[in-house]
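In terms of our numbering, the numbers along the sequence shown are unbroken and rise by one, the last being 341. Here's the structure, in structure tokens; my notes come after.
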Amino acid sequence: MTTNTTTSPASRPARPFTALLAKKESLIIDGAMSTALEALGADLKDDLWTAKVLVNEPEIVERVHEAYARAGADVAITCSYQATEAGLAKKGLDSEAAFDVIAKSVTLAREGCRRGGREDAIVAGSVGPYGAYLADGSEYRGDYRLTDAEFEAFHALRMDALKAAGCDLYALETQPQFAEIRALVRMTAARGMTCWVTMTHKAGDPTRLPDGTPLSEVAAWLDGEDCVEALGLNCVPKATAAQALDALTGATSKPVILYPNSGETYDAATKTWSKADPHAHDWDADVVRWKGQGVRCLGGCCRTLPEDVRVMRKAFLG
24 MTTNTTTSPA SRPARPFTAL LAKKESLIID GAMSTALEAL GADLKDDLWT
74 AKVLVNEPEI VERVHEAYAR AGADVAITCS YQATEAGLAK KGLDSEAAFD
124 VIAKSVTLAR EGCRRGGRED AIVAGSVGPY GAYLADGSEY RGDYRLTDAE
174 FEAFHALRMD ALKAAGCDLY ALETQPQFAE IRALVRMTAA RGMTCWVTMT
224 HKAGDPTRLP DGTPLSEVAA WLDGEDCVEA LGLNCVPKAT AAQALDALTG
274 ATSKPVILYP NSGETYDAAT KTWSKADPHA HDWDADVVRW KGQGVRCLGG
324 CCRTLPEDVR VMRKAFLG
């Protein structure tokens with residue numbers, strides 16, 4: 024494994040995410056990696072999804088981070104959501120090569136932010152759920168069952184690589200299942216790291232995780248975990264974000280994060296997004312509402328681009 028990416032614990036500021044949030048009161052998170060990569064001509068038709076570009080065309084990943092930094096993002100999320108040891112092994116990468124690819128995602132985020140004039144930006148190491156590796160929509164259902172030991176074996180190399188490369192905290196994102204959330208938080212604490220946890224919600228019920236657990240129950244548990252710096256929602260429909268926020272904000276005293284999808288709708292049968300709604304990228308009224316519900320960190324997920332982040336930033340920060 025490459026060792027020159029390692030950042031010593033002594034040189035890493037204590038909780039830089041929380042420190043920057045305390046300084047600025049509100050933070051802007053970047054937008055979709057996938058949509059921005061496609062806008063630059065990248066082909067994501069692969070089980071690795073965005074990690075395919077991380078492996079084959081890393082310079083495009085850096086350009087995406089630069090674009091979001093220029094749009095005003097305070098936080099860059101690494102291109103490691105679907106970069107796992109198991110997934111990369113299917114493409115012929117051994118553990119050492121997989122470690123280096125994942126570590127590179129942090130370097131690309133840092134350099135992209137620097138090029139975008141934001142050397143002070145926070146880099147959050149993306150850790151997607153096991154369901155994302157299955158590449159069958161399981162991250163929106165949470166209907167898989169693994170033991171804690173199996174979750175540890177699956178996530179360990181990615182979390183170790185992100186830490187070694189010096190990410191500021193983990194982004195445990197698009198999480199659909201309480202058992203996996205608990206396992207990931209314990210893995211975070213065991214590594215002396217911190218994280219944020221953002222969840223999806225059950226289709227048709229914005230008050231619950233896809234596995235059926237009430238969001239309020241998960242938020243209450245996370246509220247008691249010291250290594251969790253913030254919590255909230257991501258990859259949720261723009262139209263249901265407010266209802267989901269209501270379900271969890273009363274159960275936590277931690278900062279609340281939201282980065283929803285645009286107002287476009289996804290057709291699972293054709294695997295395409297509908298742009299029928301002319302207001303899909305109108306953000307102002309929603310952002311004001313979400314801020315009133317207590318959101319302190321705001322960004323975009325699927326189908327958002329730097330221009331969306333720029334608009335959201337203006338509405339959020341005033």
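Positions of the beta carbon are idealized from the N, C-alpha and C atoms, including for glycine.
| request: Take L71 as the anchor and find which of K114, S49, H88, A55 has the nearest alpha-carbon. | output: K114
| request: Name the residue from M216, I204, E108 whose alpha carbon lies nearest to the alpha carbon of F40. | output: M216
| query | So the alpha helix (DSSP H) C136 belongs to, where does it begin and stop? | reply | For C136, the enclosing alpha helix (DSSP H) covers residues 118 to 138.
| field | N-terminal and C-terminal residue of the alpha helix (DSSP H) that N284 is part of | value | Element bounds for N284: n/a, residue is neither H nor E.
| request: Take the Cβ of K277 as the centre, count every other Cβ of all protein chains shown within 10 Å, and call the residue buried at 16 or more, exposed below. | output: buried
| field | Three-state secondary structure (DSSP) of L63 | value | Of the three classes helix, strand and coil, the one that applies to L63 here is coil, per DSSP.
| message | Is the separation between the beta-carbon of F177 and that of T107 shorter than 8 Å? | response | Yes, they are a contact pair.
| query | Starting from M182 and walking both ways along the alpha helix (DSSP H), at which residues does that stretch end? | reply | 171 to 187
| Buried versus exposed call for Q266 [16 or more other C-beta atoms within 10 Å across all chains shown] | If you draw a 10 Å sphere on the C-beta of Q266, you find fewer than 16 other C-beta atoms in it, and that means exposed.
| task | Can you give me the start and stop residues for the alpha helix (DSSP H) that Q266 sits inside? | result | 264 to 272
| Of all the options D53, H224, N79, D228, which has the alpha carbon lying nearest to the alpha carbon of G255? | H224
| query | What are the boundary residues of the beta strand (DSSP E) that includes S239? | reply | If you look at S239, you'll find it isn't in any beta strand (DSSP E); it sits in the alpha helix (DSSP H) that goes 238 to 246.
| query | Smallest Cα separation from Q105: which of S49, Q198, G151, G139? | reply | G151
| message | List, from N- to C-terminal side, the alpha helix (DSSP H) runs of 4 residues or more that fit wholly inside the stretch 300 to 324. | response | 307 to 315
| task | Report the rounded CA-to-CA distance for L321 versus A59, giving the unit in angstroms. | result | 18 Å
| query | Tell me the DSSP bridge mates of I83? | reply | Partner(s): none; I83 has no beta bridge.
| task | Tell me whether C324 is buried or exposed, calling it buried when 16 or more other Cβ atoms sit within 10 Å of its Cβ. | result | buried
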